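K.L.:
What follows is a structure written as structure tokens; I'll ask about it next.
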Amino acid sequence: MTFPVLATLLTGGLAALDAVPVAQTLFSQPLVTASVLGWAWGEWRVALEVGVVLQVLAASTQPVGARTPEDYASGGVTGAGLALALASQQSLAIARDGCALVGVLAGMVTALGGVPLVRWQRRRNEALSRWCEAELRRGHEGALAQSHRAAVVLAFAVGVGYSAVSLGLGFWVLRRWVDFESLRLTHAWSVAEPLWLGLGLAQMLHAFVQRRLSRAALFGAALIATWLALMVGAP
């Protein structure tokens, strides 16, 4: 179990790094990170179930004015990672769907709780930019590279640390509850599935109406590919 946990924490750091203006390769999207974790844990079904729902929720979250959007980069990693960790403790396959529901809820809470961290990180980056500007005026040409490295290390460390705390706390608090309520959670997950599908279709239609055709096509393709993988039974 050591490798999956380390892979989850590493994914959390890389996702947080990708979410800031450094890489931005879409690696931080919940469906992408869930796919990576599904490979690491060897449980594709639970990972994709959590990833596609959190992807829908992340797509529906847009910054309004000065409002900081929820941190679904960390939320996606924590949600999928926690669901997979809990599912690894379940002997019955049917009980793992309940773990997916818990993972989605944990991902939403983690994304909301990451907002203060995002704001704090932005303030640190603003301070770094002011320091860099002052050093460049003094003739220190290496200040730009130093500030860039510091921002990268900060983003990665915040992602790893927040993922570790969220996963550890979530597993410790929810493990026993999931064991006792697995059947009810599984039933609740099956009831909520039409809601997730409706939200996904609504997001795709919204992007189409706004003439964001590439986004609508990408979002629709991701939903269809995930649905097919779940239906035919991913390896």
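In my numbering, the protein residues as written are 4 to 238.
Heads up, the beta-carbon is just placed ideally off N, CA and C, and yes, glycines get one too.
Source: prediction; values computed, not measured.
Considering only residues of the same chain and omitting the five flanking positions on each side of G41, which have a CB-CB separation below 7 Å?
P.N.:
W47, A50, L51
K.L.:
Identify whether L2 lies in helix, strand or coil by the three-state DSSP scheme.
P.N.:
The requested residue 2 is not part of the displayed model; the chain covers only 4 to 238.
K.L.:
Put L17 into one of helix, strand or coil per three-state DSSP.
P.N.:
helix
K.L.:
So what does DSSP say about A94, is it helix, strand or coil?
P.N.:
Checking the sequence shown, residue 94 turns out to be Ser, not Ala. In this structure, S94 counts as coil in the three-state DSSP scheme.
K.L.:
In the structure shown, what three-state DSSP assignment does E144 receive?
P.N.:
coil
K.L.:
Starting from the C-beta of L131, find all residues in its chain whose C-beta is less than 8 Å away, skip the five residues before and the five after it, and write them out in chain order.
P.N.:
S150, A153, A154
K.L.:
In this structure, does DSSP put V39 in helix, strand or coil?
P.N.:
DSSP places V39 in helix when its eight states are reduced to three.
K.L.:
With H, G and I counted as helix, E and B as strand and the rest as coil, what does DSSP make of A237?
P.N.:
Caution is warranted here: a pLDDT of 45 is assigned to A237, below 50, making its placement in the model unreliable, and the coordinate value is therefore given only provisionally. Three-state DSSP puts A237 in coil, outside helix and strand.
K.L.:
If you drop the 5 nearest sequence neighbours on each side, which residues of the same chain put their C-beta closer than 8 Å to that of A160?
P.N.:
G16
K.L.:
To the nearest angstrom, how far is it from the Cα of F174 to the Cα of V53?
P.N.:
One alpha carbon belongs to F174, the other to V53, and they sit about 16 Å apart.
K.L.:
For a quick check, are the C-beta atoms of Y75 and A114 less than 8 Å apart?
P.N.:
Yes, the pair counts as a contact, with Cβ atoms nearer than the cut-off.
K.L.:
Which whole-angstrom value describes the C-beta separation of C102 and L89, a residue pair presumed to lie in contact below a C-beta threshold of 8 Å?
P.N.:
That pair is a contact at about 4 Å.
K.L.:
My guess is that L157 and Q124 are in contact by the Cβ rule of under 8 Å, so how many angstroms apart are they, rounded?
P.N.:
Between L157 and Q124 the beta-carbon gap is near 7 Å, inside 8 Å, which marks them as a contact.
K.L.:
Looking at the ligand GTP, does it come within less than 7 Å of A10, judged from the CB to the closest heavy atom?
P.N.:
Summarising the ligand content, the structure contains no ligands, and the ligand GTP is consequently not present.
K.L.:
Taking the alpha-carbon of A37 as reference, which of L9, F6, T81 has the nearest alpha-carbon?
P.N.:
T81
K.L.:
Along the chain, where does the alpha helix (DSSP H) that runs through G110 open and close?
P.N.:
Note, G110: alpha helix (DSSP H), 99–116.
K.L.:
Under the three-state reduction of DSSP, which class applies to W47: helix, strand or coil?
P.N.:
helix
K.L.:
Pick out whichever of C135, V105, S166, L139 has its Cα sitting closest to the Cα of L177.
P.N.:
V105
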